[in-house]
Amino acid sequence: MSDFIIMKSTYSFYTRFATLALLFTALLQTSSSYASDGHSDSHGEAHVKEYNPVETILHHVKDEHYWTLYSTTDESGHEHHYGINLPVILYVEGQGLEFLSSKDFLHHNEVKGKFGTYVNHHEHIASVDESVKVLDFSLTKNAASTGLSVILLLIIFSAISKGYKKNAGKAPSGIQSVFEPLILYMRDEVIQPNLGKNTDKFLPYLLTLFFFILINNLLGLVPGGANASGNISFTMLMAVFTLIITNINGNKHYWGHIFATPGVPGWLLPIMIPVELIGIFTKPIALMLRLFANITGGHIVLLSFMSLVFILEAAWVGGVASFIIIPLFFMEIFVAFLQAYIFTMLSALFIGSAVSDHH
Amino acid sequence: MDIITPGVGLLFWNTIFFLVVFLIIGKKIVPAISKSLKDREESIDNALKSAEQAKADIAQLKADNEKMKEAARAEREEIINEAKAKADAMVAEATESAKAESKRIIDEARASIEAEKRDALSEIKGVVAELSLDIAEKVVRKQLSDDSAQQELVKELVAEAKI
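Protein chains in written order, with numbering that gives the first Met the number 0: chain A, 0 to 358; chain B, 0 to 162.
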């Protein structure tokens, strides 16, 4: 299966990218309907909603069920949404799985399914009948963005892998030479110094982690993209993986350090052991929060400067703000690399200290 | 506060996505890349090492050449010296033998001269004896007539007998 994805394809790297782009264009849809939420009281009358920067920014930073690229409201209060219609998958407790379309939920209306009626309240889909518990397994915007990153990673890495087959023992070429410095840097400067002789064992996890975080950080910066790696679920998952790998590979020195910290008098151990046990969890929690805060923070800062135009309601502000936004955007690209690097480096450090033979 | 609340759906999808990436890229591609990189590093290392070795070999070869040249030179010197010595010895021998030969010839000559001399002397002795007899005869004959004249005659004869 994986061989099919990686090796056997006769399409070139660029053909695959073009195919992917076409596929995405085909997914774009327009959805329009009357804004029928109860808040708008003047039907048919032109109305301009008060611009609320906090709401707009948080809406951009958070996950949503429909991948909105842009939306407009015409004079008649008619809302138009342009974007990708993603599936809504609900697990209704005791009933089963419910497959719906996120397009139907766009206007805060009730949507009837097989097992009941559901409503989307601030991107939280619940059953109208409050006694029915619903678990939301929808392929949301963030999930779709991460899925896209998986496809991109597979395309890129199959091209790199092919490069290594073609140029065995020779200098790298094409996309391979773009990624080789990154791979070599991560291996020689980040993973090797922390893991030493265990490098080969943890190289697959750490390199996957690095490129997975990196590509999701970068996809988040693409206009219209999702804030996938700035989502707490994403960062929590990565941190949990590091936590699990650190602790299942921890050797006797690692556990010895936790349960019998060397150089600590015996009567202090009842205090030290809980502290060390908490320490196991604080490290991944720090990882989780660092990535989340940096990526989300970056998005919020960029959006805040962009919001200036709408707050001050003057187009020239955009020109001025660009002088701040463009450098900030480049800084965000740097941060995308930096945070992927830091996450990987700290993961390597934690794993390395858990498997090293001496302290 | 839902911004810091993990969603079960996202956790589920991201777990699947990460595992897919880990199983395909982490477990298959990364070890292959890692191996290729190591192979390449090794081959570069080996190439450098063999270049170093070739350099050393060439230096060794040069040194050997120099040594052989030196040896050849020494041998030539030796052969020349030997030939010279032989020539000198031959010359000396020839001189020696020539000297011996000449000496022998001289000796022979001397011996033959000696023999001639002896022969001549013995001949002279014979002649002298005859002469003496003649003289004595003549003296004896004259004695009878004059003593002094006799003596004068002896003197004359003796003078005559000198060779």
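Ideal placement from N, C-alpha and C gives every residue a C-beta, glycine not left out. Remember, it's a predicted structure, so these values are computed and weren't measured experimentally.
For a cut-off of 8 Å, the C-beta gap from leucine 89(A) to tyrosine 69(A) is around 27 Å, too long to register as a contact. A straight line joining the alpha-carbon of glycine 351(A) with that of valine 274(A) spans about 21 Å. Between histidine 298(A) and valine 60(A), the CB-CB gap stays under 8 Å. Taking every protein chain shown into account, the CB of histidine 120(A) has fewer than 16 other CB atoms within 10 angstroms, so this residue is exposed. Collapsing the DSSP output to three states places lysine 132(A) in coil. In the structure shown, glutamate 78(A) falls within a strand segment according to DSSP collapsed to helix, strand and coil. For the pair valine 110(A) and leucine 96(A), the CB atoms are not nearer than the 8 Å cut-off. Listed along chain A, the residues sitting closer than 7 Å to arginine 39(B) by beta-carbon distance are Gly168. For the segment 8-22 of chain B, residues whose beta-carbon sits nearer than 8 Å to a beta-carbon of chain A comprise Gly8, Leu9, Leu10, Phe11, Trp12, Asn13, Thr14, Phe16, Phe17, Val19, Val20, Phe21 and Leu22. Here valine 60(A) carries a helix assignment [DSSP, helix/strand/coil].
Look at lysine 61(A): its C-beta is under 8 Å from a C-beta on chain B.
Per DSSP, tyrosine 204(A) lies in no beta strand (DSSP E); the unbroken alpha helix (DSSP H) holding it starts and ends at 198-220. The residue from Ile279(A), Ser232(A) and Thr241(A) with its alpha-carbon nearest to that of tyrosine 253(A) is Ile279(A). Between isoleucine 32(B) and threonine 207(A) the beta-carbon gap is near 12 Å, outside 8 Å, which marks them as no contact. Residue pairing by DSSP places asparagine 51(A) in no beta bridge whatsoever.
Note on lysine 113(A): under 16 other CB atoms within 10 angstroms of its CB, so exposed under the neighbour-count rule. According to the DSSP assignment, valine 334(A) belongs to the alpha helix (DSSP H) that extends over 314-354.
In terms of Cβ geometry, threonine 145(A) and asparagine 226(A) do not form a close pair [threshold 8 Å]. Here isoleucine 159(A) is buried, its C-beta having at least 16 other C-beta atoms within 10 Å. Under the DSSP assignment, isoleucine 182(A) falls in the alpha helix (DSSP H) whose first and last residues are 174-184.
If only uninterrupted beta strand (DSSP E) runs of at least 3 residues are considered, none is enclosed by the segment 117-152 of chain B.
Here the segment 50-58 of chain A makes contact with the segment 294-313 of chain A; the two share three or more CB pairs at distances below 8 Å. Flagged as an interface residue toward chain A: lysine 26(B), by a C-beta distance shorter than 8 Å. In the structure shown, asparagine 248(A) falls within a helical segment according to DSSP collapsed to helix, strand and coil. For a cut-off of 8 Å, the C-beta gap from threonine 281(A) to methionine 271(A) is around 15 Å, too long to register as a contact. Looking at the backbone, the Cα of lysine 169(A) and that of leucine 183(A) are separated by about 15 Å.
Proline 283(A) places its beta carbon less than 8 Å from that of alanine 238(A).
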